[in-house]
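Remarks on the structure that follows.
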Amino acid sequence: MKRQYGFYVELERCIKCWSCEVACKAWKGIDAGTVSLRRVIEITSGEFPAVKRTFLSMSCMHCEKPACEAVCPTGAISKRPEDGVVVVDQTKCIGCRYCFFACPFGVPQYDKTMQKCDMCLDRLAEGKEPACVATCPTRALHFGTMEELSKIAQEKVAKRLAGSTQPSVLVSK
Amino acid sequence: MSEETGFINRKFSRRTFLKATGALGAAVALSGAHDTLLQKNVAKAAAAAPAEEKLIPTFCAMCGPSAGCGILAKVVDGKFVGIEPMPECPLNNGKNCPKAHAAPQWVYSPERLKYPMKRVGKKGEGKFQRITWDEAIKLIADKLLELKAKYGPESLGTVSPARRSYSEYIYRFLMTHGSPNYGHSGICAVQRMFVLSYTVGAVPSADWANADLILLWGKQPIYSGSSKGGVQSFLAAKERGAKIIAIKPTVESDVAKSDIWVPLRPGTDAALGLAMINVIINEKLYDAKFVEEWCYGFDQLKAHIQQYPPEWAEPITGVPAEQIKTVARMYATTPKAAIDVSNGPEHARAANDAIRCIGILMAITGHLDKKGCNVWPSASTMPSPRGVHLFDRYTQEWVDKLLGYELPPQFQPFIEGTSCSLYRLWNSVLGGEKYPVRAIIAPGSQSVASTRGTKRILQALEKLEFFVIVDVTRTSDMPWADVVIPVCTMYETDHPFEVSGNWIMARNRVIEPLGDYKSDYEFWLDLGTACGYGADWWNGDIKAHMDWRLEPLGMTYEELRTKYPRGRKYDPKPPEYEQYAKRFAAKSTRIDKGPYLPQGKVALYNTLFEAAGFTPMPVWRELPEGPTATPELLEKYPLLMSDYHTSRTYNAAWLRHVPYLREIEPYPYLQIHPDTAKARGINDGDWVKVESPHGWIKMKAQYYPGIRPDVVFALHGWWQGCKELGFEDFPLGDGGANTNNMYTTDPEKMYDPIITAMTSQTLVQVTKI
Amino acid sequence: MAKQYGFWIEIDRCVECYACEVACKAEHNVDLGIKWRRVTNVWSGSFPNVTFKTISLSCMHCEKPACEAVCPTGAIKKQPDTGAVTVDQTKCIGCHYCFFACPFGVPQYGKSGAMEKCNLCVERLAKGQEPKCVSTCPGNALHFGTMEELSKMAQEKAAKKLAASTQPSVIVSK
Amino acid sequence: MTDLRMTRRTFLKATGALGTVAAVGVGGRRLLQSQPLAKALAAQAEEVKIIPTYCHGCAATAVNCAVLVHVKDGKMVRIEGNPDAGNNWGVGSTSLCAKAHTAVQYEYSPNRILYPMKRTGAKGEGKFVRITWEEAMSTIVSKLKEAKEKYGPESYCHLVSEFYPPRDQVARRFLNLYGTPNYCECCLCHGPRYLAATVTIGFCSESTDDWNNSKLIVNWGSNCENSAVNQGQPHALLNAIANGVKYVDIRPMMDPLASKADQWIPIRPGTDCALALAILNVIIGEGLYDADFVRDWCYGFDRLAEHVKQYTPEWAAPITGIPADVIANLAREMATTKPMVIKTGNGVGDQQRDGTSAMAAICLIEAITGNLDVPGGNYAGDNMPSMIPLRNFMVETLLDRLPSDAYDKLLAPSYPRFLQKMPQVISPVGFHTPQSASYKVLEAVLTGKPYTPRVISAQQTSVLSQLRNPKMVSEALKKVDFFFVMDQYWSPAVDYADIVLPACSLYEHGHNSFFLGVKNRPDGTWIGMRNKVVEPMGESRSDWEFWLDLGARMGFAADMWGGDIERFMQEQLEPAGIKLEDLRNSPRGIFVKRTEPLPPREYRRYAQLFKNLPHGKVQCYNELIGGKPDADETGTLPYMPEYKGPPEGIAQTPDLAKEYPLIFSDVHAYRLDQHSSYTGLPYLRELQPYPWVKINPETAKKYGIGNGEWMKVESPHGWVKMVAEYFEGIPPDVLMSKRGWWQKCDELGLPGYSCLDGGSEVNVLYNGDREKFDKCSCQMAKQTLVRISKL
């Protein structure tokens, strides 16, 4: 049965505490100063005092039709049917960086060969969540099948609509 | 989007890269006369003797009307070899387009004219004899004075394309000589400036930095100078999230990045404009308060426009009525919406009507002189250098003496002084006008390649008594010249200065002139003095002239050069908005200096045009030949053809001889939709015959998915070969590649009745050769 | 630690103006008929819903260059300090084997017959200048830097789009 | 909403749907994604041991997050959150903060002190030679004995950081046995704010249990997204916001949580007292207070009403930088939106010249609006009896062994002497008395007033980066007769020590303060063991072992468990009937279920909360401390909160502002380090490589300072070199930085910076004059004026 796991970041709950970024490097034993397979990014807009700050934790999106897989000249990149994780075969990768051109999100990193998030397949095998999701102190970062994730998102929006405190106005779409 | 993953599909990487290389490989006939460095090995270059390298701040000169981009010209051992960025110039912020980088090949091209010549062979034979600069000047001056005595000063005419930095010197010479006959090609800029001035009182520009919606109407920012502000402001607006609607017949890169493409047929902009006004008025989307307070003739317009609903415009423009409504509604209801109109609509019989519609659209929606809409230029604290145009000497008699009007006499002179259509100037030589001109000077203009009716121009060239060419490289009508005057390229002269917004910089000489010639400006100073008008021409003293021009800025030309090597920046004044009273009271350039807008309001209903015998409100005028204009011709000539004015690598009729540019666009291409071509058995790259009711040319078919299946497009101005790549010249008339052979020369159909803009649409058949 | 420089073409900003192609040729006096950097369009869709994207491509300066691996005379070397893959023309015998191996068809053969291609403008890098194509790109679409810098830039641009597009959906209108 | 996390985990494990997965970099740097993961995992499984303990993230201060450490071949490899303990939001939470994940780098850092050493060069020169523990301990013992005989026990002062568990059990007990009252507090964190609240409304609660009943949460100076990311507060606040609770944030910078507030109030640092007084002015002036509560439970309200008339919003606006109308509307909203809770933090009552008054005024705002101990208000917390009763050595520190005149011998009381003699008023756990102020103790070394400290020790603290005026501190450390230090890392103060002792990291000893490690919750109480994860580095010993050993050597063995740490720990567990061995052998800790259900939550327990206050009421007019001698005993404490403002400020010293136009302050906590340490840990230093100062881009551009460029920051007291970090979320006339950039990071080749002028220690900038400190709790103001220039 084809299953697609994925991440979901609730922008409103992320406070850029960098825990996911450091947990990912620590769990995979990556040296500081080299690659970052998950990065926390801030978008600031407006000027003092009307400032808007949005925080976003970003790693590989494990696309349904990965642009990196499509352009890889040596077939080093493949998408696993059983969980939808996009993985890189290090022995085939020649470090041509063409996948970087293709990726709309600038995810591929290079330490000789292409490095990127593999959804912590080792932890998944032990029934654990990826290291970044497990450590997120504000539960902004979620993991699961796309059905599970959409359920979380819809529940959140519905709750806000019902609104336990203020009576909310129904928005006409 | 196609089902392939995103934009790069697996097929792309290896095969298409090869395909593109292959197409060029065969064509390269590597002729011997090749002086580029063979070995490209870096180590080898470093090992050579350390070259003495200089970087000279100056201006690129490779393209048209507006000022050149700032560059650092790299000179190695006295040879101009390349350019580096000069970020100080606000026009291009250190960026440069492909033409700028190909400048050395243009400067050192074998096609350069190196010394003055006088004709010794028969007219059109192309035999010349070298003479000195002074001999040539004297020869021209004597002839002009002789013709002036015999036939009056008005026997002299000049031909010029769009506005150049030396255009004002031509007006001045004509004024000092006594002739009103300045021939303008009528295919760029002046036409829309005239119509907008008489509709909204000025030429308000689109406020790209603040608009949320921009209509890119008939504009080619990538073709007409990709390094200038156009591209940078387009991309900045996109990244800011602004919506862009592209109204153009073909898909260039800017259309591909726009949100909506309005694929109208060339020459039908007026129909689209009228239909949009119809929608906005009938659906009450106009700004009633602004219309009531600042527009004249709304009721008349409202009645007049009922005949032009979107359903009427659909068969003419080819744009679905629904899309016309959507675009009209979006423009009217978006508070910050602007229209950036350029050359596209100026090539049609209804050119004035199209531009009037655009002015009216801006006015009735209130999108005028507001942040994010079309705004007036903000003033600068920089005192403006003196102009050369003797504007105050124009009189009514002067206007009446004009041979043939480009703009109606009641509105002469306009910003270019008294101007007559270039075609009428040549027509007078064949006796077709009030009186014939006897002498024509062509500074940087190739009439045979750039105006309609090539055959008639060639006949006139045969008959013209005295023809002078002033240019940097060989031109298409040089064989018929009596005197050829070479002039410096802008890399060989240290004047004039360039102004870009609030910044001014002196031009610096990169290399010494390669032959016996001076600059354009020195030519006019010398000729003016030789003709006895020295008092008006600083007696030929270029230095005194330049200092005179800079006097308002309180410094001499040398001080500008030495004190401000990278240009001097003045602070802009903060922009002012909604200054309607002042804006609509603007004085015109007419003899009586009356306001453009007699009512002090936007002319929805134009009383001045009405008094001059023209339609007070914009109307629809059919194409000379077109699917709805002449359906009877469709059977023999099924496709609608038009042409571009300029491209990424060429300007009008120039630069085909520059190898690095010719490599990119090696052939005169006919853009044709793949299905249309396949239906005729034409493959991508085949040579085809393109025939209209007026002439025929040979072009290479280029499969172009981003075009209407019933339309084909080409670039105008093809005549020149390129020795380094082994390309020969093309014939100028039928059988060549000059699109000007294809269009009508029937005076009733070839012009816009008010602004003499020349139409560039016809019906053609395309067959494989 | 060896630096690995690279290019990044930001498709959304490239306007197919060919400035990078001609600038590169002028800077290195490249023969006519061949190109070290090439601009190519990829069309998609059909009239009237048709559009195209433009890619400016030169040598990728791979980590394990296929051309270097097959070159019989060792003429192709990957420079340790900048990661640039350069050609020693005196050793190249013009056998075209590298052309067969390269997944991107990058190798070109000019009048000298020896292989030539983009050299990452190492001589300009030595003078602290950007590669010529990058310095002139009017659309600011062609970027150059270490892979880490480029990746940060790309991610920030993607994030900006995500943040701007979603406008965290607050259903309750306050 | 069911806890999705639990169901998915069991679901994944049950279905085993994952098949073979790509191997992951085990210890190795690169990702071996090609080898089948199963094989690699199996190999990994046998060697890796999982050891439960507590995280080092908040360093020695708090003991909060239970963790599982992966050890392979005796070497720490990785760390994870322990789902059984109930960290952050409760059972099942595996979350940790960024600092936790540096466990491996923290343990094996090249900055570790490995052996006892004694100084050979001059004080501060940093020349040392290795010695044995025996020689080190005997030197310390002889010095302590000599000092006691010649100058009296009070001549020995022990410096320590806040919350360090050994200090309140074995260290405090040793000092009492030795006879010195001079247990020295840094007066930087929690203590001063806790005192101000307790003397005004009788308690100081940080409970978030009742937030979901609140209608308005006001975060006033609390920086919990930096100081306590994983301790439940950010998560609780985000839940409240998601549930529609209105959230207002009063802080100088728009920190991440402030960016999610409905309203951000960018107040100038050090002016919170002015704002609080102006809010009281509006609430009382417009009669918006809870008349019933005021009548029944407030003392001296009328005098307060009169007192605050002078503090109008128009008066407060130029001081705070907040427009008068914004102040007035805020006051009305805080008074009328019920229930409201104010979450205070270090930014408000801990490092300001009028911090005590600021905190008192804020407590009074909560009181007179009837928000004390009400559902959704300032809830004083559940009284849930623990199912694991422990012997609390934090209280049994043999206080009676001190000489009778100990309190009078106190060198520099960190809060008024008369209050220190009333421990029953200040709850037994919250404040241990007697205690002196570290800064004033060091000053006494130079002045000899009231007397000269002869022996000083420092443990788990870096005084040169903790206290103001590092120049004075370094002079004092040079002059003192004998200075010994015990720490994990080589901080700048260690250069001045006579004897240096290597301290174990928190993963190298299994010694516990069980009291702090217990997690009490509605369904029962959980206790976990701090286990020894790896062998100590070099010859390092645990701080507990040091005090027990020192106690025995000084003849107090009988009262120090004979130096036997096991006995000390076993005695703590006796009341709960738990054997130390049983706890060590239960990796998932011990959970004792509650026998009978908890009584429903009680509110408005005013009689009990105010019992220690005069008249048993909230002190609007404070007769507990009003008119009594202040900490310096040079003046008396005010009856009502009074505004003083920062020592140097735009509004306070306008002429000085002509030369030094910008306000400067620093954040107390930052989520990438523990106060002044941890800038040596590569994963954290990578994210903040250089000493940053946040500056508004417009301000920086005026001085031609680009983003990321070095700049000079100079105050009337000293100057530092910092890197400008453009930040829109800060007022144009304010600069904010962080203290503690002394630790180098060899792995990234980044230096440590000096703590003196020309370095990057913000403390050199602040005013060191004790007259400009808070008179009640010796808070040292961290606000000054600076001028900046491009470097």
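Same order as they appear, the protein sequences are chains R, P, V and U.
Numbered by the working numbering, the letters in the first sequence go through residues -12 to 160 in order.
Numbered by the working numbering, the letters in the second sequence go through residues 52 to 820 in order.
Numbered by the working numbering, the letters in the third sequence go through residues 3 to 176 in order.
Numbered by the working numbering, the letters in the fourth sequence go through residues 23 to 813 in order.
Note that beta-carbon positions come from the ideal geometry of N, C-alpha and C, so glycine has one too.
Taking just the CA atoms, how far does P:R600 sit from P:Y445?
Along the second sequence, read from residue 1 onward, the residue named residue 445 of chain P stands at position 394. Along the second sequence, read from residue 1 onward, the residue named residue 600 of chain P stands at position 549. Distance between the alpha carbons of P:Y445 and P:R600 is about 21 Å.
Could you pull the start and end residues of the beta strand (DSSP E) that P:N329 belongs to?
Position 278 of the second sequence, counted from the start, is the residue given in the question as residue 329 of chain P. Note, P:N329: premise wrong, no beta strand (DSSP E); alpha helix (DSSP H) at D320 to N333.
4-residue-minimum alpha helix (DSSP H) runs that sit fully inside the region 46 to 90 of chain R, ordered along the chain
54 to 58 and 85 to 89
Does chain R have any CB closer than 8 Å to the CB of U:S281?
Position 259 of the fourth sequence, counting from 1, holds the residue named residue 281 of chain U. U:S281 counts as touching chain R.
Specify whether the region 346 to 361 of chain P and the region 664 to 674 of chain P touch according to this definition: at least 3 beta carbon pairs, one from each stretch, less than 8 Å apart.
yes
Determine the DSSP secondary structure at P:Y274, reduced to helix, strand or coil.
Along the second sequence, read from residue 1 onward, the residue named residue 274 of chain P stands at position 223. Correct three-state label for P:Y274: coil.
Could you pull out every unbroken alpha helix (DSSP H) segment of at least 4 residues lying fully inside the region 609 to 679 of chain P, listed in chain order?
631 to 634 and 658 to 662
Can you find the residues in the same chain that come closer than 7 Å, C-beta to C-beta, to U:E596, ignoring five residues on each side of it along the sequence?
Translated into positions along the fourth sequence, residue 596 of chain U becomes position 574. Contacts found: R413.
Report all residues from its chain with a CB closer than 7 Å to the CB of P:Q156; omit the five preceding and five following residues, and keep chain order.
Taking the second sequence and counting its residues from 1, the one referred to as residue 156 of chain P is at position 105. For P:Q156, where only same-chain residues beyond five positions count, the Cβ hits under 7 Å are V709, P710 and Y711.
Report the neighbours of R:I2 on chain U: residues whose CB is nearer than 9 Å to its CB, in chain order.
Looking up residue 2 of chain R in the first sequence gives position 15. By Cβ distance, chain U contributes E247, V251, P256, L260, D277, P278, L279, S281, K282 and R693.
Check the Cβ of R:R126 against every Cβ in chain U and list those closer than 7 Å, keeping chain order.
Within the first sequence, residue 126 of chain R is the residue found at index 139, counting from 1. In chain order: H257.
Through-space distance from P:P756 to P:L515, alpha-carbon basis
As a first step, residue 515 of chain P is located in the second sequence; it is residue number 464 there, counting from the start. As a first step, residue 756 of chain P is located in the second sequence; it is residue number 705 there, counting from the start. Rounded to the nearest angstrom, the two C-alpha atoms are 45 Å apart.
Can you pull the chain R neighbours of V:A103, defined as C-beta to C-beta under 8 Å?
Translated into positions along the third sequence, residue 103 of chain V becomes position 101. Chain R residues near V:A103: none, gap ~11 Å exceeds 8 Å.
Residue-level contact to chain R via CB, V:W10, 8 Å cutoff:
Looking up residue 10 of chain V in the third sequence gives position 8. Chain R, which has a Cβ nearer than 8 Å to the Cβ of V:W10, makes this yes.
Which one of U:G399, U:E567, U:D654 and U:R627 has the shortest CA to CA distance from U:I239?
One-based indexing of the fourth sequence puts residue 239 of chain U at position 217. The shortest Cα separation from U:I239 among U:G399, U:E567, U:D654 and U:R627 belongs to U:G399.
Between V:Q110 and V:W38, is the Cβ-Cβ spacing less than 8 Å?
As a working mapping, residue 110 of chain V is identified with position 108 in the third sequence. As a working mapping, residue 38 of chain V is identified with position 36 in the third sequence. Going by C-beta atoms, V:Q110 is nearer than 8 Å to V:W38.
Residue range of the beta strand (DSSP E) that includes U:D509
Counting from one through the fourth sequence, the residue named residue 509 of chain U turns up at place 487. Per DSSP, U:D509 belongs to the beta strand (DSSP E) from F504 to D509.
Out of curiosity, what's the CA-to-CA distance linking P:L441 and P:F245?
The sequence position of residue 441 of chain P within the second sequence is 390, counting from 1. The sequence position of residue 245 of chain P within the second sequence is 194, counting from 1. The alpha-carbon atoms of P:L441 and P:F245 are separated by roughly 20 Å.
Starting from V:F9, follow the beta strand (DSSP E) in both directions and report where the run begins and ends.
Counted from its first residue, the third sequence places residue 9 of chain V at position 7. Looking at the DSSP string, the run of the beta strand (DSSP E) that includes V:F9 is Y7 to I11.
Buried or exposed for U:M444, please, with buried defined as at least 16 other CB atoms from any protein chain shown within 10 angstroms of its CB.
As a working mapping, residue 444 of chain U is identified with position 422 in the fourth sequence. By the neighbour-count rule (16 or more Cβ atoms within 10 Å), U:M444 is not buried but exposed.
Cβ of R:P174 less than 8 Å from any chain U Cβ?
Residue 174 of chain R lies beyond the range of chain R shown here (-12 to 160); nothing can be said about it.
First and last residue of the alpha helix (DSSP H) that includes P:N147?
Within the second sequence, residue 147 of chain P is the residue found at index 96, counting from 1. Where P:N147 is concerned, there is no enclosing alpha helix (DSSP H), given that its DSSP letter is neither H nor E.
For U:N76, count the other beta carbons within 10 Å of its own beta carbon; 16 or more makes it buried, fewer makes it exposed. Which is it?
Sequence index remark: in the fourth sequence, residue 76 of chain U carries index 54 (1-based). One detail in the question is off: residue 76 of chain U reads as Tyr in this sequence, not Asn. Burial call: buried.
Going by beta-carbon coordinates alone, are P:R612 and P:N559 separated by less than 8 Å?
Locating residue 612 of chain P in the second sequence gives position 561, counting from the first residue. Locating residue 559 of chain P in the second sequence gives position 508, counting from the first residue. Cβ atoms of P:R612 and P:N559: closer than 8 Å.
Under 8 Å from the C-beta of V:E23: neighbouring residues of chain P
Here residue 23 of chain V refers to the residue found at position 21 when the third sequence is read from its first residue. Within chain P, the residues near V:E23 are P149 and I715.
Distance check for U:A803 and R:Q141, CA to CA, integer angstroms please.
Numbered from its first residue, the first sequence carries residue 141 of chain R at position 154. Numbered from its first residue, the fourth sequence carries residue 803 of chain U at position 781. Their Cα atoms are separated by approximately 48 Å.
Quick one: is V:E18 near chain R, going by C-beta distance under 8 Å?
Taking the third sequence and counting its residues from 1, one reaches residue 18 of chain V at position 16. No, its Cβ sits nowhere closer than 8 Å to a Cβ of chain R.
Would you verify that the beta carbon of U:G774 is, or is not, closer than 8 Å to some beta carbon of chain R?
Along the fourth sequence, read from residue 1 onward, the residue named residue 774 of chain U stands at position 752. Not one chain R Cβ lies under 8 Å of U:G774.
Between U:I717 and chain R, is any beta-carbon pair separated by less than 8 Å?
The residue given as residue 717 of chain U occupies position 695 in the fourth sequence. No - not a single Cβ of chain R is within 8 Å of the one on U:I717.
Grab the span of the beta strand (DSSP E) containing U:L757 for me, first residue to last.
Along the fourth sequence, read from residue 1 onward, the residue named residue 757 of chain U stands at position 735. Run containing U:L757: V756 to K760, per the beta strand (DSSP E) assignment.
Interface residues of chain R around V:A68 at Cβ under 8 Å?
Counting from one through the third sequence, the residue named residue 68 of chain V turns up at place 66. Within chain R, the residues near V:A68 are I81.
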